[in-house]
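The structure appears below as structure tokens.
Residue numbers (our numbering): 437 to 586.
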């Protein structure tokens, strides 16, 4: 068995895209480190592998769901940025950029608020879930049958 899909390729695309359409940063959710100034976006790969076929084959296609959540000081700003995110990934530009990376955009869940209570106040959050179809780089070291004698 060789390698499997490198999720960094998808995440790098998402980081570039968020910066391109919003001018803001996309970071990994629930991570240690400095947090960017508000507003910023965070991602979580919530379903890394959703099988489309029952077999594991060389060059297999599968689906992946990534949750994008905007962290803002205003609930309205979070909802607006989420709507912008939702619309961007359905544009021809985004689909064309994805196609260059052999990634297919499948769907985007409806946008919704995801507020978080922080001891004395709320952090205003809103987000959506993006579903992509990816092609695995997995290559099986299958045994080749050269001939059969009966």
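For every residue, glycine included, the Cβ atom is placed at its ideal position computed from N, Cα and C.
Option nearest residue 506 by Cα separation, candidates 448, 541, 583, 455
Within the chain shown, residue 506 is the residue found at index 70, counting from 1. Taking only the C-alpha atoms, the option nearest residue 506 is 455.
Which runs of the alpha helix (DSSP H) spanning at least 4 residues fall entirely within the stretch 454-523, listed in chain order?
If we require 4 residues or more, the stretch 454-523 turns out to have no alpha helix (DSSP H) run fully inside it.
Is the Cβ-Cβ distance between residue 514 and residue 478 less than 8 Å?
Sequence index remark: in the chain shown, residue 514 carries index 78 (1-based). Sequence index remark: in the chain shown, residue 478 carries index 42 (1-based). 8 Å or more divides the Cβ of residue 514 from the Cβ of residue 478.
Which same chain residues, not among the five before or five after residue 502, have their C-beta less than 6 Å away from its C-beta?
Taking the chain shown and counting its residues from 1, one reaches residue 502 at position 66. Closer than 6 Å at Cβ, skipping near neighbours: 479, 481, 566.
Confirm, please, whether the CB-CB distance from residue 457 to residue 520 is below 8 Å.
Translated into positions along the chain shown, residue 520 becomes position 84. Translated into positions along the chain shown, residue 457 becomes position 21. With contacts defined by Cβ atoms closer than 8 Å, residue 520 and residue 457 form a contacting pair.
Helix, strand or coil at residue 572 [DSSP, three-state]
Taking the chain shown and counting its residues from 1, one reaches residue 572 at position 136. The three-state reading of DSSP puts residue 572 in coil, since its state is none of H, G, I, E or B.
Looking at residue 508 and residue 475, is the spacing between their C-beta atoms short of 8 Å?
As a working mapping, residue 475 is identified with position 39 in the chain shown. As a working mapping, residue 508 is identified with position 72 in the chain shown. In contact: residue 475 and residue 508 (Cβ atoms closer than 8 Å).
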